[in-house]
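full-length UniProt numbering numbers the first residue of the sequence shown as 1 and each following residue consecutively. Using N, Cα and C, we set each Cβ at its ideal position, and we do this for glycine too. One structure is given here, and the rest of the page talks about it.
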Amino acid sequence: MSSLLADVIDLFLPADCAVCAAPGRRLCPDCTAALRHALSTPVRIEEHAAALPLVLTGAPLPTIVAGQYAAPLSTAVLAFKDHDALHLRRLLAPGLLQAVHAALDDPDVRALWAAEHIAAGRLGEQAPPPVLVPVPGSLTGHLRRGCDPVAELLAAPLPWPAAVRRDVVRPALPGAADLLAPAAASHAGATSVARRRRRRGWRVGRRLAPGTPVVLVDDVVTTGATLAALARQVRRAGGVPVAAAAVAGVAPPDSPSAERSDEADGEADSVSCLT
Numbered sequence: 001m002s003s004l005l006a007d008v009i010d011l012f013l014p015a016d017c018a019v020c021a022a023p024g025r026r027l028c029p030d031c032t033a034a035l036r037h038a039l040s041t042p043v044r045i046e047e048h049a050a051a052l053p054l055v056l057t058g059a060p061l062p063t064i065v066a067g068q069y070a071a072p073l074s075t076a077v078l079a080f081k082d083h084d085a086l087h088l089r090r091l092l093a094p095g096l097l098q099a100v101h102a103a104l105d106d107p108d109v110r111a112l113w114a115a116e117h118i119a120a121g122r123l124g125e126q127a128p129p130p131v132l133v134p135v136p137g138s139l140t141g142h143l144r145r146g147c148d149p150v151a152e153l154l155a156a157p158l159p160w161p162a163a164v165r166r167d168v169v170r171p172a173l174p175g176a177a178d179l180l181a182p183a184a185a186s187h188a189g190a191t192s193v194a195r196r197r198r199r200r201g202w203r204v205g206r207r208l209a210p211g212t213p214v215v216l217v218d219d220v221v222t223t224g225a226t227l228a229a230l231a232r233q234v235r236r237a238g239g240v241p242v243a244a245a246a247v248a249g250v251a252p253p254d255s256p257s258a259e260r261s262d263e264a265d266g267e268a269d270s271v272s273c274l275t
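Okay, structure coming up:
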């Protein structure tokens with residue numbers, strides 16, 4: 001959505017700020033500036049996400065986020081995911097784009113990409129172009145909210161540097177217990193058992209060309225368990241995970257923002273907004 005259109009909507013349909021609740025605009029100028037600052041410097045966080053998959057060297061998968069998962073960014077992400085604040089995409093999607101670019105340009109990611117190519121015995125062959133594979137949204141989340149946050153972000157009309165392949169990993173089919181369960185406000189509200197059950201139900205959809213480098217995409221990274229499950233399915237589909245990118249990630253333990261994070265209990269869900 002253009003800033004001009006956003007201004008027109010705020011003029012005729014005034015609402016409270018989705019981040020600080022100040023009246024008058026759906027996103028106030030102060031929060032707009034704060035979010036832009038929070039999303040301005042992509043950072044690698046894999047050393048602070050203990051459940052990430054390991055790569056050839058034994059190191060965790062390089063994982064780049066646009067900003068730390070702490071206020072105001074954490075508030076904005078939850079408003080976008082759980083409170084229909086889809087207008088926040090105009091700030092969050094460019095942040096994700098920066099993280100994706102940072103991942104593809106990272107020297108360690110490039111080196112891993114080359115090492116995987118050689119290890120597969122494809123020296124001398126041209127590697128397939130990289131693709132972006134998002135965490136699949138759940139059908140139950142789709143029914144509750146009518147939207148898939150990660151898909152919504154990747155559908156933003158931005159110059160994504162690689163093709164988005166939502167067809168590679170498919171979501172789990174919900175059982176009766178899932179459909180009848182009370183709606184959860186976010187993935188943080190789901191039990192760890194429910195989260196594991198959803199991930200175990202993921203399945204390979206369309207296969208990738210063997211050796212295709214893949215950047216895994218999520219909205220929030222905390223432990224990295226969701227990305228590890230996604231990486232397993234990507235490898236089964238023929239791809240090679242070389243990096244992960246997200247809007248926000250857990251703050252390092254010694255960071256002041258770590259103390260403000262309200263997402264210490266598990267991955268934030270990529271529950272399904274129609275795109």
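Can you list, in chain order, the residues of its chain whose CB lies under 7 Å from that of residue i, leaving out five sequence neighbours each side?
i	result
His101	Pro161
Please state whether the Cβ-Cβ distance between residue i and residue j is less than 8 Å.
i	j	result
Leu73	Ala246	no
Leu216	Leu158	no
Thr222	Ala59	no
Arg89	Glu152	yes
Ala15	Arg26	yes
Val131	Leu230	no
Ala127	Gly238	no
Pro149	Phe80	yes
Val220	Tyr69	yes
Pro29	Ala99	no
Gln218	Leu227	This sequence places Asp at residue 218; Gln is not what is there. Yes, these two residues count as a Cβ contact at 8 Å.
Within its chain, find whatever has a CB closer than 6 Å to the CB of residue i; leave out the 5 residues flanking it on each side and keep chain order.
i	result
Arg236	Val204
Ile45	Thr63, Val65 and Gly249
Leu91	Leu35
Leu112	Val55 and Val242
Glu116	Val240
Arg110	none
Let me check one thing: in DSSP terms, what residues is residue i bridge-paired to?
i	result
Ala163	Val131
Ala243	Val215
Thr63	Ala244
Arg203	Arg170
Arg44	Ile64
Could you say which of the options lies nearest to residue i if we only look at CA atoms?
i	options	result
Pro94	Asp148, Gly58, Leu154 and Leu78	Leu154
Leu52	Arg170, Cys147, Val77 and Ala225	Ala225
Val133	Val164, Ala114, Arg122 and Gly124	Val164
Pro213	Ala156, Ile118, Arg199 and Pro136	Ile118
Ala21	Thr75, Ala38, Glu47 and Ser40	Thr75
Ala18	Val135, Glu47 and Asp82	Asp82
Please work out which residues of its chain come closer than 8 Å, Cβ to Cβ, to residue i, disregarding the five sequence neighbours upstream and downstream, and give them in chain order.
i	result
Leu173	Leu139 and Gly201
Asp106	Arg44, Pro62, Ile64 and Ala243
Leu39	Ala66, Gly67, Leu73, Leu91, Leu92, Pro94, Gly95, Gln98 and Val247
residue 276	The requested residue 276 is not part of the displayed model; the chain covers only 1 to 275.
Arg232	Pro53
Leu123	His117
Would the beta-carbon of residue i be found less than 7 Å away from any heavy atom of the ligand ZN?
i	result
Val77	In terms of ligand content, the structure shown is empty, and the ligand ZN therefore cannot be addressed.
Return the chain-ordered ranges of every alpha helix (DSSP H) run that is complete within the segment 75–136 and spans a minimum of 4 residues. 89–105 and 107–119
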